[in-house]
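Participant: Attaching a single structure in structure tokens format; questions to follow.
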Amino acid sequence: MTRAGTTSHVRHSTLIGFVTAALLATLIGVALTATAPVPGVTEVSEVVSVAIPIVRVLLDIAAVVTVGLALLSVLVGYDRPKLTEPVLRLARPAAVAAALVWSVTAFVALILQTAEYRPQLGTVGPGDVWEYVAGVGAGKALLIIAVLALVQVWLGVLSLRHGEKVPAEVRVGVGLFTLLPLPVTGHASNWDFHDYTMISMELHVMSAVAWTGGLGAMGVLLVGNRTLLAHALPRFSKLATLCLLLSTATGLFNGIVEINLNPNLGFLEGVFTTPYGQLVLLKLTCTVVIAILGAHVRWRLLPKIEAHKHTALAAWAALEVAVMGLAFGFAVVLTRAPVS
């Protein structure tokens, strides 16, 4: 077994590309959905309006990293600790930091959305935040997310001390469970087909986070380790296929329902002439590109990886993760964009 086959190198560029793409897509989405001020109506501060989607995409990024790093432990397996521990020793503290960012961004988003809810307030105090939590479902959802993310921090700290005695499946499960309130903060909280759309959105969010997080974790921590990669990537490939199908189907369902709920617009008009429809098309384009890139990895690179041969997986994975970042950025703005 060669040294090249067993060593791991951290590729920070993959993470940087993901974050940069997500922020860029968020800003593009904000520009697409910007509206002119209405005379006589108290407007939300431009700083708040821009800060909310930026903080929300940072929240999503933290969730992706947290879940992805926990999922990495499952993908590499538990039967070869001498090979896996050098990688997992890097993953565990990063997962704690990501979970902490997840909690903090949820609290910051809660404060910002309180300011958006009460634009006439000069400053937002604890009483205002509590009133928002008590009266608005999105406030409750963000508070629950912040608290559950702290539970994830606690589990991560335990894993630092006890390693894989803290089951990775528990960390993955808590991470995915923490995602469940997210749809309440977007369109799903207002749709007429509430039960169906909530379930659809939850499946959409969980599949997207698991898919992106798993690929991102491998792209950052495993691409230099052919031995672990040959074990983890085939397992992830099956999960990725399921996530692709779920994410695409639920995303299309959510977009179609939201556009059809506007009685003043025809479906095609809603798709092509509204910012919401344009964001749906941008996100769908990202999904198609991701599927093509994923197919290349699965059918062209995976057989070579299973044979422990050198491949250009690092570059292909970085590109795929960057496109996923674009999709996340568009999705954040999409959850708040009106169909009008």
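Numbering (full-length UniProt numbering), first residue to last: 1 to 340.
Cβ coordinates follow ideal geometry from the N, Cα and C atoms, glycine included.
1. Among the residues of its own chain, which have a CB less than 7 Å from the CB of residue 279, if the five just before and after it don't count?
2. Give me the Cβ distance between residue 226 and residue 308, rounded to the nearest whole Å; I'm assuming they're in contact under 8 Å.
3. Measure the beta-carbon distance from residue 141 to residue 181 and round it to whole angstroms, keeping in mind my assumption that it falls under 8 Å.
4. Using a 10 Å radius around the Cβ and a threshold of 16 neighbouring Cβ atoms, would you call residue 254 buried or exposed?
5. So, under 8 Å CB-CB, residue 271 and residue 281 are touching, yes? Tell me the CB distance rounded to an integer number of Å.
6. Hey, how far is the Cα of residue 56 from the Cα of residue 209?
7. Can at least three beta-carbon pairs, one atom from the stretch 159-172 and one from the stretch 128-142, be found at a separation below 8 Å?
8. Would you say residue 172 and residue 155 are within 8 Å of each other, going by their C-beta atoms?
9. Taking contact to mean at least 3 C-beta pairs separated by less than 8 Å, is the stretch 51-71 in contact with the stretch 83-102?
10. In terms of alpha-carbon separation, which member of 221, 257, 292, 294 lies closest to residue 277?
11. Put residue 181 into one of helix, strand or coil per three-state DSSP.
12. For residue 341, name the three-state secondary structure that DSSP assigns.
13. Any beta carbon from chain B within less than 8 Å of residue 12's own beta carbon?
14. Between the C-alpha atoms of residue 17 and residue 325, what's the straight-line distance to the nearest angstrom?
15. CB residue 224 to CB residue 321, shorter than 8 Å?
16. Starting from residue 120, trace the alpha helix (DSSP H) both ways and give me its first and last residue.
17. Once DSSP output is grouped into helix, strand and coil, what is the label at residue 254?
18. Measuring CB to CB, does residue 103 end up less than 8 Å from residue 153?
19. Under the three-state reduction of DSSP, which class applies to residue 263: helix, strand or coil?
20. If we call anything under 8 Å between Cβ atoms a contact, is residue 236 one with residue 90?
21. Could you tell me the alpha carbon to alpha carbon distance between residue 115 and residue 46, rounded to whole angstroms?
22. DSSP three-state call for residue 20: helix, strand or coil?
23. Between the Cα of residue 202 and the Cα atoms of 286, 250, 166, which residue gives the shortest distance?
24. If you run the structure through DSSP and keep just helix, strand and coil, what is residue 77?
25. Give the range of the alpha helix (DSSP H) segment to which residue 159 is assigned.
26. In the structure shown, what three-state DSSP assignment does residue 338 receive?
27. Below 6 Å CB to CB, which residues in the same chain sit around residue 14 once its five sequence neighbours on both sides are set aside?
28. Is it the case that the Cβ atoms of residue 121 and residue 52 are separated by a distance below 8 Å?
29. Below 8 Å on the Cβ atoms is my contact criterion, and I expect residue 244 with residue 206 to pass it. Report the Cβ-Cβ distance as a whole number of Å.
30. Grouping DSSP H, G and I as helix and E and B as strand, with all else coil, what is residue 166?
31. Which residues in the same chain as residue 248 place their Cβ atom closer than 6 Å to its Cβ, once the five residues preceding and following it in sequence are excluded?
32. Identify the continuous alpha helix (DSSP H) that holds residue 287 and give its terminal residues.
33. Less than 7 Å between C-beta atoms, sequence neighbours within five positions excluded: which residues of the same chain meet that for residue 150?
34. Could you round the C-beta distance between residue 214 and residue 176 to whole angstroms and report it? I think they count as a contact, below 8 Å.
35. Nearest CA to the CA of residue 105: which residue from 262, 129, 267, 61?
Facilitator: For this structure:
1. The residue given as residue 279 occupies position 279 in the sequence shown. Around residue 279: 29, 32, 330, 333, 334, 337.
2. As a working mapping, residue 226 is identified with position 226 in the sequence shown. As a working mapping, residue 308 is identified with position 308 in the sequence shown. With 8 Å as the limit, residue 226 and residue 308 qualify as a contact, their Cβ atoms being about 5 Å apart.
3. Reading the sequence shown from its first residue, position 141 is the one you call residue 141. Reading the sequence shown from its first residue, position 181 is the one you call residue 181. Contact holds; Cβ gap of about 4 Å.
4. Indexing the sequence shown from 1 puts residue 254 at position 254. Buried.
5. Here residue 271 is taken as the residue at index 271 of the sequence shown, counted from 1. Here residue 281 is taken as the residue at index 281 of the sequence shown, counted from 1. Their Cβ separation, rounded to whole angstroms, is 7 Å, which keeps residue 271 and residue 281 in contact under 8 Å.
6. One-based indexing of the sequence shown puts residue 56 at position 56. One-based indexing of the sequence shown puts residue 209 at position 209. Their Cα atoms are separated by approximately 14 Å.
7. Fewer than three Cβ pairs drawn from the stretch 159-172 and the stretch 128-142 lie within less than 8 Å of each other, which leaves the two stretches out of contact.
8. What you label residue 172 is simply residue 172 of the sequence shown in a count that begins at 1. What you label residue 155 is simply residue 155 of the sequence shown in a count that begins at 1. Going by C-beta atoms, residue 172 is not nearer than 8 Å to residue 155.
9. yes
10. Against the sequence shown, residue 277 aligns to sequence position 277. The shortest Cα separation from residue 277 among 221, 257, 292, 294 belongs to 257.
11. Numbered from 1 along the sequence shown, position 181 holds the residue referred to as residue 181. Here residue 181 sits in coil by DSSP.
12. Residue 341 is absent from the structure shown; the chain starts at 1 and stops at 340.
13. The structure shown contains no chain B; it is built from a single protein chain.
14. The residue labelled residue 17 in the question sits at position 17 within the sequence shown. The residue labelled residue 325 in the question sits at position 325 within the sequence shown. The straight-line gap from Cα to Cα measures roughly 8 Å.
15. For the purposes of this step, residue 224 is taken as residue 224 along the sequence shown, with counting starting at 1. For the purposes of this step, residue 321 is taken as residue 321 along the sequence shown, with counting starting at 1. No.
16. The residue given as residue 120 occupies position 120 in the sequence shown. Neither: residue 120 is in no alpha helix (DSSP H) and is coded neither H nor E.
17. If you number the sequence shown from 1, residue 254 lands on position 254. Correct three-state label for residue 254: helix.
18. Here residue 103 refers to the residue found at position 103 when the sequence shown is read from its first residue. Here residue 153 refers to the residue found at position 153 when the sequence shown is read from its first residue. Contact flag set, yes.
19. Taking the first residue of the sequence shown as position 1, residue 263 is located at position 263. The answer is coil: DSSP assigns residue 263 none of H, G, I, E or B.
20. Translated into the one-based positions of the sequence shown, residue 236 becomes position 236. Translated into the one-based positions of the sequence shown, residue 90 becomes position 90. No.
21. Here residue 115 refers to the residue found at position 115 when the sequence shown is read from its first residue. Here residue 46 refers to the residue found at position 46 when the sequence shown is read from its first residue. Residue 46 has its alpha-carbon roughly 11 Å from the corresponding atom of residue 115.
22. By one-based count along the sequence shown, residue 20 stands at place 20. Three-state result, residue 20: helix.
23. Against the sequence shown, residue 202 aligns to sequence position 202. Minimum Cα distance to residue 202 is reached at 250.
24. Residue numbering aside, residue 77 sits at position 77 when the sequence shown is read from its first letter. Residue state, collapsed to three classes: coil.
25. In the sequence shown, residue 159 corresponds to position 159, counting from 1. First-last of the alpha helix (DSSP H) with residue 159: 137-162.
26. Position 338 of the sequence shown holds residue 338. Coil, per DSSP.
27. In the sequence shown, the residue the question calls residue 14 occupies position 14. Closer than 6 Å at Cβ, skipping near neighbours: 219, 220, 318, 321.
28. Counting from one through the sequence shown, the residue named residue 121 turns up at place 121. Counting from one through the sequence shown, the residue named residue 52 turns up at place 52. No, Cβ-Cβ distance for residue 121 and residue 52 is not below 8 Å.
29. To locate residue 244, count along the sequence shown from 1; it is residue 244. To locate residue 206, count along the sequence shown from 1; it is residue 206. Residue 244 to residue 206, Cβ: 13 Å. No contact.
30. Within the sequence shown, numbered from 1, the residue matching residue 166 stands at position 166. Reduced to three states, the DSSP call for residue 166 is coil.
31. For the purposes of this step, residue 248 is identified with residue 248 of the sequence shown, where counting begins at 1. Answer for residue 248: 287, listed in chain order.
32. Working through the sequence shown from its first residue, we reach residue 287 at position 287. It spans 275-296 - the alpha helix (DSSP H) in which residue 287 sits, taken as one unbroken run.
33. Numbered from its first residue, the sequence shown carries residue 150 at position 150. Result list for residue 150: 103, in chain order.
34. In the sequence shown, the residue the question calls residue 214 occupies position 214. In the sequence shown, the residue the question calls residue 176 occupies position 176. Not a contact, Cβ separation roughly 12 Å.
35. What you label residue 105 is simply residue 105 of the sequence shown in a count that begins at 1. Among 262, 129, 267, 61, the Cα nearest to that of residue 105 belongs to 61.
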